[in-house]
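Participant: All you need for my numbering is the position in the sequence shown, starting with 1, plus 30.
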Amino acid sequence: MIDVSIHEETKPDERGIARVQKNFRDLNVSLPDLVKEIIEFFESEKFDNVTALKTETGYEIIAGDSHNYKMETDVQVTIEGTPDDFTLALTQCKEEKTHTTAPMMLAQMFGLGYLYLKSVRSQEAIQKLETNFRKKLGGMISQTQQDREIRNP
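1) Can you give the Cα-Cα distance for Asn79 and His97, rounded to whole angstroms?
2) Distance check for Thr161 and Lys148, CA to CA, integer angstroms please.
3) Between which two residues does the beta strand (DSSP E) holding Ser96 run?
4) Would you decide whether Glu154 is buried or exposed? Buried here means 16 or more other CB atoms lie within 10 Å of its CB.
5) With C-beta atoms as the reference, is Gly88 less than 9 Å away from Ile109?
6) Between the Cα of Phe116 and those of Ser172, Gly169, Asp56, spot the shortest distance and give me the residue it belongs to.
7) Specify, as a first and last residue, the run of the alpha helix (DSSP H) that Glu67 falls within.
8) What's the call for Val150, buried or exposed, on a 16-neighbour Cβ count within 10 Å?
9) From the DSSP output, in three-state form, read off Asp177 for me.
Here is the structure:
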């Protein structure tokens, strides 16, 4: 199994929310297969909306509406680079889900406590997702390496 913590750093994104970023070198990983593994991870974690896009620099996967994680924002995984040298980052998407006027009435009734508690729970859910993602990432990379070796002996 790959030790993914060697090249790990956490830095804030544009909104100041922690961004987990990992750099991988000399692994010879099939990036399309890695994208499939990440999609399968999100589907196993009961995310309803999972979208993968090929970009100029790599891939982007956006996942939202999970039954296991109650988050106010979607999450995004970006993969940039080549099979031998790539960076993988897990972040929160910038746009928060819109709320109806009902939460505003609740906020007035409960003194913003409801919205604050909801935000705290969302952050806890994102931290739980990051932990579970880190635990599975090494296995996902190992699996794509094995698949590539089988196809190209």
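Beta carbons: idealized from backbone N, C-alpha and C, even for Gly.
Facilitator: In short, the structure shows the following:
1) 11 Å
2) 20 Å
3) 88-96
4) exposed
5) yes
6) Asp56
7) 61-74
8) exposed
9) helix
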